[in-house]
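Peer 1: So the sequences go chain by chain: C, X, V, H, Z, L, W and A. Mapped onto the numbering used here, the consecutive letters of the first sequence carry residue numbers 5 to 174. Mapped onto the numbering used here, the consecutive letters of the second sequence carry residue numbers 5 to 174. Mapped onto the numbering used here, the consecutive letters of the third sequence carry residue numbers 5 to 174. Mapped onto the numbering used here, the consecutive letters of the fourth sequence carry residue numbers 5 to 174. Mapped onto the numbering used here, the consecutive letters of the fifth sequence carry residue numbers 5 to 174. Mapped onto the numbering used here, the consecutive letters of the sixth sequence carry residue numbers 5 to 174. Mapped onto the numbering used here, the consecutive letters of the seventh sequence carry residue numbers 5 to 174. Mapped onto the numbering used here, the consecutive letters of the eighth sequence carry residue numbers 5 to 174. Note that CB positions come from ideal geometry on N, CA and C, so glycine has one too. In this text, all values refer to a predicted model and were calculated from it rather than measured experimentally.
Number of protein chains: 8
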Amino acid sequence: MAKVGVVIGSDSDYDVMKITLAVLDELGIESEFRVASAHRTPDVVREFGEGAEKRGVEVIIAGAGMAAHLAGVIAAHTTLPVIAVPLPSGALDGLDALLSSVQMPGGIPVAVVAVGKAGAVNAAVLAAEILGLKYPETKEAIIEYRRARAAKVAEKDAELEKKVKGNPAE
Amino acid sequence: MAKVGVVIGSDSDYDVMKITLAVLDELGIESEFRVASAHRTPDVVREFGEGAEKRGVEVIIAGAGMAAHLAGVIAAHTTLPVIAVPLPSGALDGLDALLSSVQMPGGIPVAVVAVGKAGAVNAAVLAAEILGLKYPETKEAIIEYRRARAAKVAEKDAELEKKVKGNPAE
Amino acid sequence: MAKVGVVIGSDSDYDVMKITLAVLDELGIESEFRVASAHRTPDVVREFGEGAEKRGVEVIIAGAGMAAHLAGVIAAHTTLPVIAVPLPSGALDGLDALLSSVQMPGGIPVAVVAVGKAGAVNAAVLAAEILGLKYPETKEAIIEYRRARAAKVAEKDAELEKKVKGNPAE
Amino acid sequence: MAKVGVVIGSDSDYDVMKITLAVLDELGIESEFRVASAHRTPDVVREFGEGAEKRGVEVIIAGAGMAAHLAGVIAAHTTLPVIAVPLPSGALDGLDALLSSVQMPGGIPVAVVAVGKAGAVNAAVLAAEILGLKYPETKEAIIEYRRARAAKVAEKDAELEKKVKGNPAE
Amino acid sequence: MAKVGVVIGSDSDYDVMKITLAVLDELGIESEFRVASAHRTPDVVREFGEGAEKRGVEVIIAGAGMAAHLAGVIAAHTTLPVIAVPLPSGALDGLDALLSSVQMPGGIPVAVVAVGKAGAVNAAVLAAEILGLKYPETKEAIIEYRRARAAKVAEKDAELEKKVKGNPAE
Amino acid sequence: MAKVGVVIGSDSDYDVMKITLAVLDELGIESEFRVASAHRTPDVVREFGEGAEKRGVEVIIAGAGMAAHLAGVIAAHTTLPVIAVPLPSGALDGLDALLSSVQMPGGIPVAVVAVGKAGAVNAAVLAAEILGLKYPETKEAIIEYRRARAAKVAEKDAELEKKVKGNPAE
Amino acid sequence: MAKVGVVIGSDSDYDVMKITLAVLDELGIESEFRVASAHRTPDVVREFGEGAEKRGVEVIIAGAGMAAHLAGVIAAHTTLPVIAVPLPSGALDGLDALLSSVQMPGGIPVAVVAVGKAGAVNAAVLAAEILGLKYPETKEAIIEYRRARAAKVAEKDAELEKKVKGNPAE
Amino acid sequence: MAKVGVVIGSDSDYDVMKITLAVLDELGIESEFRVASAHRTPDVVREFGEGAEKRGVEVIIAGAGMAAHLAGVIAAHTTLPVIAVPLPSGALDGLDALLSSVQMPGGIPVAVVAVGKAGAVNAAVLAAEILGLKYPETKEAIIEYRRARAAKVAEKDAELEKKVKGNPAE
């Protein structure tokens with residue numbers, strides 16, 4: 005049963021947000037995926053939010069650009085944690101989506117992560133950290149994921165350190 | 005019967021948005037007034053939007069601050085013109101509300117006016133310009149309103165011009 | 005007879021603003037189209053604004069970039085509703101055009117929509133919503149247009165949901 | 005035993021962040037509270053992060069201003085969910101703290117809420133939503149909290165609607 | 005005969021822009037002063053611009069806030085140099101006025117100085133530098149003005165240097 | 005003898021600033037051209053500024069990017085009018101150059117035009133407007149230049165109006 | 005003999021920049037203090053920069069607001085390290101001073117610290133860190149200074165932790 | 005023995021930051037180079053900072069993008085001067101890295117240089133200026149470096165001046 009519901013406001017957001025799906029999968033977390041627009045298909049969004057808990061969803065991730073209302077509207081219809089990924093789109097390059105997502109009024113929080121790709125990764129990791137409080141296998145997965153990424157940095161460190169030593173003025 | 009529906013996201017927005025009510029009244033336009041939050045009372049907002057046309061409302065004005073989703077959410081539930089007044093509130097001083105209101109995705113427009121008090125005035129005037137296409141008395145009222153404001157500028161012009169001539173180095 | 009007057013400040017704005025013309029056409033709304041600069045051909049702009057009502061125009065749409073004065077200057081010469089599409093152009097990417105369009109002083113409103121392409125679509129839709137108050141056929145057209153776009157989101161939803169289910173870790 | 009660890013970067017952040025403590029208390033959630041600076045007392049911050057899980061903490065909330073590194077540094081030392089409240093402080097009014105908190109690199113998420121007071125409220129509510137996945141009493145508390153706030157909006161709605169009807173041009 | 009025409013968009017701009025009048029007076033330059041709004045009294049603005057040269061005006065200074073179109077609209081109606089002083093007003097604190105003034109399209113320049121009071125001083129000084137090319141007495145006045153201000157800095161330098169030496173840790 | 009001194013801070017600015025030279029040439033104005041950096045060759049800049057008047061220069065145009073100090077430093081060494089063209093360069097896209105040029109302290113003005121290419125054109129036109137106060141042939145040239153550009157807009161207007169009429173939904 | 009030269013662009017900057025003098029004094033570092041404007045008294049600034057090394061100065065600190073050119077201009081005249089404190093002043097609140105100080109072109113660095121008071125403290129501490137490479141007594145002073153500030157955070161931590169435990173819902 | 009420690013937060017920062025290594029090499033300064041992430045490998049960063057002085061390092065340069073905590077975290081673990089190069093990365097183009105680096109709280113300074121490539125150059129030059137206080141050969145190298153760059157500007161000046169004279173309207 006899907007523990008994380010991932011929703012995007014437009015199919016054009018898929019290219020970035022499929023990263024979220026991939027990271028969730030890597031962490032062994034079942035997810036459901038939907039395209040639903042807070043403005044074009046508001047009833048789908050509402051039903052998605054209101055019904056999430058009954059479907060077994062425990063964390064929701066919403067990726068949207070411009071006046072990104074998607075996460076906020078879902079948050080209005082559920083008491084599950086809702087994570088927003090602000091996406092760069094159009095001329096203002098994601099600052100609009102960031103402010104539209106993060107500046108929620110008191111009482112209805114949205115958990116916002118970085119704009120764009122880094123945020124798409126982190127939404128999945130944050131969901132895993134939340135689920136890790138309850139599911140030991142997810143806790144282990146997230147610890148292992150972090151260890152692997154730290155190792156990759158160490159590896160690049162060794163590689164570049166060596167390269168630079170060989171030729172500092174390259 | 006109310007032709008303009010005015011809604012604010014929080015009672016703290018009333019101090020600025022009562023200007024809108026006053027200008028509508030000055031222009032002879034009936035209005036209804038509500039406090040409804042896109043996040044705290046989303047069903048009230050939806051019903052307000054969906055039912056507006058049946059109540060005889062022809063233009064909707066929404067004033068909200070921070071991640072101002074109010075106008076966008078209403079616009080998702082009606083094909084009436086929706087005007088947004090972005091309100092300064094909190095640390096980011098209205099830039100958040102401006103971007104959250106104006107950067108709507110293709111297909112669901114919101115008509116955005118200036119941040120804060122000037123916007124509160126202009127939402128009412130814009131509503132009047134829209135209604136003026138259909139109601140001759142509103143057309144006349146808006147023409148008269150514009151004439152009066154132009155006269156006030158002319159009056160200030162005469163007053164200050166004279167004052168400055170008397171003492172340019174004050 | 006043209007009900008919507010579309011004007012751009014420079015022929016370089018045509019690439020984006022022809023979207024507005026296409027959407028108006030799709031909605032069955034007659035439009036007139038002009039290139040006129042608030043700074044280079046101010047008298048053309050003034051005459052365009054002052055004469056619009058006599059030509060039967062009921063809504064004006066102005067697309068301009070940088071210090072976008074076009075919509076504001078037209079608004080100064082008519083009591084018809086004026087919609088501005090801020091266009092990204094030059095180094096500041098449309099933030100200049102957005103602020104130059106939206107921050108109008110009290111009394112002379114401009115209805116501002118999103119920067120760039122989304123705004124070009126929405127200016128036409130907003131014009132249709134306004135005209136829909138008076139013309140039943142436009143009301144029907146806008147309802148149909150919204151329905152079609154919602155259906156397209158639903159279609160993409162079904163398509164991507166299926167694709168993701170087949171291979172969540174793509 | 006404290007389920008939420010609340011930490012601030014400077015005692016000057018207490019005035020805003022005590023709101024977080026009050027909301028956690030209202031929701032029946034035990035919290036621990038510390039002042040620790042990512043820059044002035046980095047070892048305290050590291051120990052706070054590394055030891056949180058052993059102390060029984062399940063969610064961490066960090067409030068900090070300017071180059072707000074506190075939440076990010078804690079997140080580097082734990083796999084518990086870390087929530088950041090960006091605080092306005094100094095000349096840049098919180099935009100610095102927002103970007104310093106939210107733009108975390110892929111792999112180490114921080115869940116960011118609104119700048120300042122609204123964020124101080126929402127950090128507590130978000131923590132409750134997360135804990136509500138595991139603790140039924142917290143789930144109930146958050147549902148009740150939301151209901152109460154919605155009721156307050158409805159009450160203000162009734163109050164102001166009535167006031168406005170009595171005197172629309174006030 | 006007035007060589008500099010000073011115009012403000014609203015009487016509320018007078019408090020800052022009277023500094024311009026005072027500096028012009030101090031530099032021995034005759035000025036005329038008007039209140040005229042690009043949006044509320046566009047014909048007054050146009051006539052002001054078109055007739056300036058005939059009235060003997062050689063430089064125009066326009067002070068305006070928000071979507072500051074005043075200088076740009078005047079520049080469209082004259083080939084005299086037009087100087088803009090962007091004024092902070094409303095929630096966006098002058099960034100709107102700065103961008104609305106400075107981002108003029110190729111062919112119709114506006115000479116923009118600093119936002120607010122420093123700009124009000126500098127508009128007058130810039131006008132004097134321009135007139136100084138033609139009028140030797142203005143050239144002398146501007147040289148003397150600069151010398152006096154440099155002397156004031158030197159004086160403050162001596163004063164504070166001494167104060168600090170006496171008590172560096174005050 | 006050169007009436008306008010054009011200086012750029014780095015040879016990489018030449019691509020944009022050669023537009024200034026071309027427009028000056030088109031307007032029949034003699035110019036001198038230099039590369040001099042306020043930071044790398046400060047003495048050249050100072051001598052350029054201090055000696056300009058003796059060389060017969062009447063207006064100075066400085067094009068620079070990033071922390072664009074060039075115009076301000078020249079202005080400190082002359083009482084001739086100094087025009088700045090802020091150039092987009094590096095990650096901040098010209099906002100840095102705009103603020104570094106325009107926010108001059110009271111007493112030492114710089115006349116700032118638009119960021120990038122439009123500014124490169126307008127610096128030349130503004131210089132011509134200033135020189136036009138003194139040289140009738142430049143006055144005529146600038147009037148003719150403006151007429152030609154207005155004609156070009158009119159031509160594009162006719163061209164696109166016709167094209168659109170033929171196929172509004174293209 | 006003064007090891008640190010502190011200079012401000014205007015006497016109005018003294019209120020913030022006297023903090024720098026106080027911290028230098030607390031760290032046992034001799035300083036000289038001047039008021040000199042890059043624009044109003046450029047020759048004083050140049051001489052200050054060119055002569056600093058001969059006067060025994062080893063680090064320069066410059067505090068300035070708006071288009072803050074002071075540090076950059078000094079850096080052009082010395083190869084000593086130059087530290088800039090961007091000061092908030094006028095409508096743009098220090099963002100102008102920050103960008104004007106930090107975006108220096110390749111080859112002529114300025115070391116920029118935080119806007120306003122935190123920066124005034126840190127300019128002194130950074131100067132001490134630099135001098136600490138050479139002077140053991142300064143090294144010791146900076147270590148002690150850091151220890152004392154860390155202790156103060158620990159003290160506040162103990163104080164507030166206790167207070168909060170006594171009454172978490174205050 | 006390495007006098008400058010250069011560290012980057014991610015191997016993707018190497019393309020820009022290898023410029024720093026090259027300039028240090030050109031100035032005859034030994035450097036060590038590491039990849040270490042404040043968030044992914046915080047213990048490596050801490051050890052890098054804490055052990056720097058013992059390894060003979062006298063200045064540290066940290067290049068990082070987005071919520072750039074690297075320089076700040078290192079500064080928390082050393083009293084050596086720490087220089088930050090904010091790198092453009094992701095949708096916000098370096099403004100996030102700039103604010104995250106520069107807005108350090110009082111007591112723990114970071115010396116920030118320009119965003120991106122210019123900053124990569126200047127971090128090396130600033131390190132040289134600092135080391136030049138102690139090492140005469142570095143002092144000479146930096147003087148020579150500056151002379152060479154000034155000569156290059158002069159050369160470009162001569163070259164372009166000549167080119168422009170030959171054909172001003174190119």
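Report the residue from W:Pro92, W:Gly111, W:Ala122 whose alpha carbon sits nearest the alpha carbon of Glu133 (chain A).
Peer 2: With distances taken between Cα atoms, Glu133 (chain A) lies closest to W:Gly111.
Peer 1: What is the DSSP secondary structure of Pro46 (chain V), reduced to helix, strand or coil?
Peer 2: If DSSP states are grouped into helix, strand and coil, Pro46 (chain V) belongs with the helices.
Peer 1: Should the stretch 60-76 of chain V be called in touch with the stretch 31-43 of chain V, which here means at least 3 C-beta pairs below 8 Å?
Peer 2: With a cut-off of 8 Å, the stretch 31-43 of chain V and the stretch 60-76 of chain V count as touching, because enough Cβ pairs lie within range.
Peer 1: Could you pull the DSSP bridge partners for Ser35 (chain Z) from this structure?
Peer 2: In DSSP, Ser35 (chain Z) forms a bridge with Z:Val8.
Peer 1: Can you pull the chain C residues whose beta carbon is under 9 Å from the beta carbon of Val27 (chain V), in chain order?
Peer 2: Within chain C, no residue comes near Val27 (chain V); the closest Cβ sits about 15 Å away, beyond 9 Å.
Peer 1: Should Gly170 (chain X) be labelled buried (16 or more other beta-carbon atoms within 10 Å of its own) or exposed?
Peer 2: It is exposed - the Cβ of Gly170 (chain X) has fewer than 16 other Cβ atoms within 10 Å.
Peer 1: So which residues of chain L does Lys138 (chain Z) contact, with C-beta pairs closer than 9 Å?
Peer 2: Residues of chain L passing the Cβ test: Leu137, Lys138.
Peer 1: Please classify Pro90 (chain A): does DSSP put it in a helix, a strand, or coil?
Peer 2: Pro90 (chain A): strand per DSSP, three-state reduction.
Peer 1: Just checking: is the beta-carbon of Arg38 (chain L) within a distance shorter than 8 Å of some beta-carbon in chain W?
Peer 2: By this cut-off, Arg38 (chain L) is not an interface position.
Peer 1: Quick one: is Met21 (chain A) buried, meaning 16 or more other Cβ sit within 10 Å of its Cβ, or exposed?
Peer 2: With 16 or more Cβ atoms within 10 Å of its Cβ, Met21 (chain A) is classed as buried.
Peer 1: If you reduce the DSSP assignment to three classes, tell me which class Ile65 (chain W) lands in.
Peer 2: Here Ile65 (chain W) sits in strand by DSSP.
Peer 1: Whose Cβ in chain A lies nearer than 7 Å to the Cβ of Leu187 (chain L)?
Peer 2: The requested residue 187 (chain L) is not part of the displayed model; chain L covers only 5 to 174.
Peer 1: Using a Cβ-Cβ cut-off of less than 8 Å, give me the residues of the stretch 89-111 of chain H that come near chain C, in sequence order.
Peer 2: Result list: Leu102, Val106, Gln107, Met108, Pro109, Gly110, Gly111.
Peer 1: So for Ala71 (chain V), helix, strand or coil by DSSP?
Peer 2: Ala71 (chain V): coil per DSSP, three-state reduction.
Peer 1: Determine the burial state of Met70 (chain H): buried for a count of at least 16 other Cβ atoms within 10 Å of its Cβ, exposed for fewer.
Peer 2: With 16 or more other Cβ atoms within 10 Å, it is buried.
Peer 1: Is DSSP giving Val119 (chain L) helix, strand or coil here?
Peer 2: Val119 (chain L) falls in the coil class under three-state DSSP.
Peer 1: Check the Cβ-Cβ distances between Ala128 (chain X) and every residue of chain Z, and say whether any is below 8 Å.
Peer 2: Taking Cβ atoms only, chain Z never reaches closer than 8 Å to Ala128 (chain X), which makes this a no.
Peer 1: DSSP three-state label for Ala154 (chain H), please.
Peer 2: Looking at Ala154 (chain H) - three-state DSSP - the assignment turns out to be helix.
Peer 1: Is the Cβ of Gly120 (chain W) closer than 8 Å to any Cβ of chain H?
Peer 2: Answer yes: the Cβ-Cβ gap between Gly120 (chain W) and chain H drops below 8 Å somewhere.
Peer 1: Taking Cβ to Cβ, would you say Ala124 (chain V) is nearer than 8 Å to Val8 (chain V)?
Peer 2: Their beta carbons are not under 8 Å apart, which means Ala124 (chain V) does not touch Val8 (chain V) by this criterion.
Peer 1: For Ala26 (chain Z), tell me which candidate among Z:Val168, Z:Lys167, Z:Tyr149 has the shortest Cα-Cα distance.
Peer 2: Closest by alpha carbon: Z:Tyr149.
Peer 1: If you drop the 5 nearest sequence neighbours on each side, which residues of the same chain put their C-beta closer than 8 Å to that of Lys121 (chain L)?
Peer 2: Excluding positions up to five away in sequence, the list reads Val20, Ile23.
Peer 1: Do the CB positions of Val10 (chain Z) and Phe52 (chain Z) come within less than 8 Å of each other?
Peer 2: In this structure, Phe52 (chain Z) does not lie closer than 8 Å to Val10 (chain Z) by Cβ.
Peer 1: Expressed to the nearest angstrom, what Euclidean distance is found between the alpha-carbon atoms of Leu103 (chain C) and Val63 (chain X)?
Peer 2: Those two C-alpha atoms are separated by around 27 Å.
Peer 1: Measure the C-alpha to C-alpha separation of Pro92 (chain L) and Gly32 (chain A) and round it to an integer number of angstroms.
Peer 2: When rounded, the distance between both Cα atoms is 33 Å.
Peer 1: What are the residues in the stretch 45-62 of chain H lying within 7 Å of chain C by C-beta distance?
Peer 2: For the stretch 45-62 of chain H, which is checked against every Cβ of chain C, the residues closer than 7 Å are Glu62.
Peer 1: Report the CB separation of Val86 (chain H) from Val114 (chain H) in whole angstroms; it is logged as a contact under 8 Å.
Peer 2: Right, the Cβ-Cβ distance comes to about 5 Å (below 8 Å), so this counts as a contact.
Peer 1: Under 8 Å between beta-carbons, which chain L residues line up against Met70 (chain V)? List them in chain order, please.
Peer 2: The contacting residues are Ala118, Ala122.
Peer 1: Can you give the beta carbon distance from Glu57 (chain A) to Leu84 (chain A), rounded, assuming they're within the 8 Å contact cut?
Peer 2: That pair is a contact at about 6 Å.
Peer 1: Taking 7 Å as the limit between beta carbons, can you name the residues of its chain near Arg50 (chain W), skipping five residues before and five after?
Peer 2: Cβ within range, chain order: His81.
Peer 1: In chain L, which residues lie less than 8 Å from Tyr18 (chain V) when you measure between Cβ atoms?
Peer 2: Here the neighbours are Leu164.
Peer 1: Have a look at Z:Asp47, Z:Ala72, Z:Val106, Z:Gly55 and flag the residue whose alpha-carbon is nearest the alpha-carbon of Ala6 (chain Z).
Peer 2: Answer by Cα proximity: Z:Gly55.
Peer 1: Output yes or no for whether 8 Å exceeds the beta carbon distance between Ile12 (chain A) and Ala68 (chain A).
Peer 2: Cβ atoms of Ile12 (chain A) and Ala68 (chain A): closer than 8 Å.
Peer 1: With a Cβ-Cβ cutoff of 8 Å, do Leu137 (chain H) and Lys138 (chain C) count as a contact?
Peer 2: Closer than 8 Å, so yes.
Peer 1: Can you give me the start and stop residues for the alpha helix (DSSP H) that Asp19 (chain W) sits inside?
Peer 2: From DSSP, the alpha helix (DSSP H) with Asp19 (chain W) extends over 18-30.
Peer 1: Report the CB separation of Leu164 (chain A) from Asp15 (chain L) in whole angstroms; it is logged as a contact under 8 Å.
Peer 2: Indeed, because the Cβ distance is near 6 Å, the residues count as touching under 8 Å.
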